[in-house]
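Chemist:
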Amino acid sequence: MSKLVSDQADGLRRLLAQPSVRIIAIASMGNRPGATTAAMNLGAALAHMGKDVLLLDEHRPGPDSACAAWAADPLGTLADVVSQRLTCEGAAARTECGVHVLPAPLGGQPDHTDPRLLWDGDVILVDAALDAVGSLSPLARLADELVVVLQPHPASITATYSGIKRLHYAHALQQLRLLVNGVADPEAARQTMANLVDTGSRYLAVSMQPAGWVRADPHLPDARRLARTVVEAFPASPAAVDFRVIAAAVAQWPWRPAVRPQDARTALWRPEALALEPSAAQEEERDRRVHRTGNH
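full-length UniProt numbering puts the sequence shown at residues 1 to 296.
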């Protein structure tokens, strides 16, 4: 056997022996429903399960970013890793809980960047920042799963549905998961998700699956003041328990085709996309259903 064939066979064996890296993008629409907090706590819960986790922070530096919340000081950004100025492990900051966090601001790296080729771990979380028109970044569009975070009140529910509709027509988005944050009544959260799932399926043909819910917890701001997640600081608190339940469920999520980048300039004007636009009567009925969901 030639050396080339031997090297290829050895490379194939190594590839098949290694589990694939799962990319999960976490995003939100509307006013601060807690997507960054969810990404950080999910990362901490996965790390406590023994997973090697990289969190890519798409938000600009500021007090609400994951880097700031963790008081982390990475040595570089994703662009530095792509350009091979630094390795991923060298550029990222490792938090106390074991999650590696790395800034990846919008537009900071080439659109074709695939972080799977840069991170030799188990899970990549993308704390996704939507652009000015509410579209996903190229990184988030590469994700195997998109988790949309919302709160169980009418304004957040309505903003979430409108945002999902934009993503559907911009990227031909067909699948996502819902995480309800700040829940006082789990049964109400379950009903909120069920109503959104039904509405999305009926009017957008988007498959929405529940990712779970996180109870309202007074320990969350306390953990933030300590520059830690609630999973780290208060592991017995209700929110920490809920995040661990969600993290355990992630391993059971089926592998599905990743959402691939679409041409945003033409997506909205393709004839097939325009054909999917609901009629005025359908829009009116959809709005009634969304409002009923929010007022439940």
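Where is the CB? At the ideal position from N, CA and C, for every residue including glycine. This structure is a prediction, so every number in the text was calculated from the model and none was measured.
Per DSSP, which residues does Gln-175 bridge with? Please list them.
Modeler: DSSP output for Gln-175 lists Ser-207 as bridge partner(s).
Chemist: Based on Cα-Cα distance, which residue from Leu-150, Leu-78 and Glu-145 lies nearest to Arg-215?
Modeler: Nearest of Leu-150, Leu-78 and Glu-145 to Arg-215, Cα basis: Leu-150.
Chemist: Would you call the CB atoms of Asp-52 and Ser-65 closer than 8 Å?
Modeler: For Asp-52 and Ser-65, no; Cβs fall outside 8 Å.
Chemist: Considering Cα atoms alone, identify which of Trp-213, Asp-131, Val-183 and His-100 is closest to Ala-249.
Modeler: Looking at the Cα atoms, Trp-213 is the closest of the given residues.
Chemist: For the alpha helix (DSSP H) containing Asp-222, name the first residue and the last one.
Modeler: 219-225 is the extent of the alpha helix (DSSP H) around Asp-222.
Chemist: Compare the C-alpha of Ile-24 against each of Arg-177, Leu-196 and Pro-105 and name the closest.
Modeler: Selected option, being the one with the closest Cα: Arg-177.
Chemist: For Ser-20, which residues from the same chain have a beta carbon less than 8 Å from its beta carbon, with the 5 sequence-adjacent residues on both sides left out?
Modeler: Cβ neighbours of Ser-20 beyond the five flanking positions: Arg-116 and Trp-255.
Chemist: Provide the residue(s) that pair with residue 307 in DSSP beta bridges, ordered along the chain.
Modeler: Any answer about residue 307 is impossible in this case: the structure gives the chain only from 1 up to 296.
Chemist: Would you mind sorting Glu-145 into buried or exposed? The rule is 16 or more other CB atoms within 10 Å of its CB.
Modeler: Glu-145 is buried by the Cβ-count criterion.
Chemist: On the three-pair Cβ rule with 8 Å, is the region 35-46 touching the region 224-233?
Modeler: Yes: at least three Cβ pairs fall under 8 Å.
Chemist: For the region 126-206, list the alpha helix (DSSP H) runs that are entirely contained and at least 4 residues long, ordered along the chain.
Modeler: For the region 126-206, whole alpha helix (DSSP H) runs of length 4 or above, ordered along the chain, are 138-141, 154-171 and 186-203.
Chemist: Can you give me the Cβ contacts of Gly-62 inside the same chain, cut-off strictly under 8 Å, excluding the 5 residues immediately before and after it?
Modeler: So the qualifying residues of the chain are Ala-68.
Chemist: Let's see if you can read the secondary structure: which residues bound the alpha helix (DSSP H) around Val-230?
Modeler: Note, Val-230: alpha helix (DSSP H), 230-233.
Chemist: Nearest-angstrom Cα distance between Leu-55 and Thr-95?
Modeler: For Leu-55 and Thr-95, the distance between alpha carbons rounds to 11 Å.
Chemist: If contacts are defined as beta-carbon pairs under 8 Å, then Leu-204 and His-168 qualify, I think. What distance do you get, rounded to the angstrom?
Modeler: Yes, Leu-204 and His-168 are in contact; Cβ-Cβ is about 5 Å, under 8 Å.
Chemist: Just confirm the distance between the C-beta atoms of Leu-78 and Ala-104, as a whole number of angstroms; I'd bet it's less than 8 Å.
Modeler: The Cβ separation is near 4 Å, so the contact holds.
Chemist: Report the rounded CA-to-CA distance for Asp-198 versus Val-99, giving the unit in angstroms.
Modeler: Answer to the nearest angstrom: the Cα atoms are 35 Å apart.
Chemist: Buried or exposed: where does residue 319 fall if 16 or more other Cβ atoms within 10 Å of its Cβ makes it buried?
Modeler: Residue 319 falls outside the range modelled here, since the chain spans only 1 to 296, and no answer is possible.
Chemist: Classify Ser-201: buried if its beta carbon has 16 or more other beta carbons within 10 angstroms, exposed otherwise.
Modeler: It is exposed - the Cβ of Ser-201 has fewer than 16 other Cβ atoms within 10 Å.
Chemist: Answer with buried or exposed for Gly-182, where buried requires no fewer than 16 other C-beta atoms within 10 angstroms of its C-beta.
Modeler: Looking at its Cβ environment, which holds 16 or more other Cβ atoms inside 10 Å, Gly-182 is buried.
Chemist: How is Asp-57 classed by DSSP in three states: helix, strand or coil?
Modeler: Three-state result, Asp-57: strand.
Chemist: Kindly indicate which three-state DSSP category Arg-215 falls into: helix, strand or coil?
Modeler: It is a strand residue.
Chemist: By Cβ distance, which residues of its chain are closer than 7 Å to Lys-165, with the 5 residues on each side in sequence left out?
Modeler: Leu-204, listed in sequence order.
Chemist: Report the rounded CA-to-CA distance for Asp-185 versus Val-206, giving the unit in angstroms.
Modeler: Computed Cα separation, rounded: 26 Å.
Chemist: Indicate the three-state DSSP secondary structure (helix, strand or coil) for Val-81 in the structure shown.
Modeler: In this structure, Val-81 counts as helix in the three-state DSSP scheme.
Chemist: Going by DSSP in three states, Val-241 sits in which element: helix, strand or coil?
Modeler: Val-241 falls in the helix class under three-state DSSP.
Chemist: Give me the residue from Leu-125, Ala-143 and Ser-28 with the minimum Cα distance to residue 302.
Modeler: Absent from the structure is residue 302, since the part of the chain shown begins at 1 and ends at 296.
Chemist: Going by Cα to Cα distance, which pick from Ser-156, Ser-83 and Pro-74 is closest to Ala-35?
Modeler: Comparing Cα positions, the closest option is Ser-156.
Chemist: Taking 8 Å as the threshold (C-beta atoms), are Ala-140 and Ala-211 in contact?
Modeler: The answer is no: Cβ separation not under 8 Å.
Chemist: In angstroms, rounded to a whole number, what distance separates the CA positions of Ala-247 and Pro-74?
Modeler: One C-alpha to the other measures close to 25 Å.
Chemist: Sort Leu-179, Leu-136, Arg-60 and Ala-132 by Cα distance to Asp-111 and report the nearest one.
Modeler: Closest option to Asp-111, Cα to Cα, is Leu-136.
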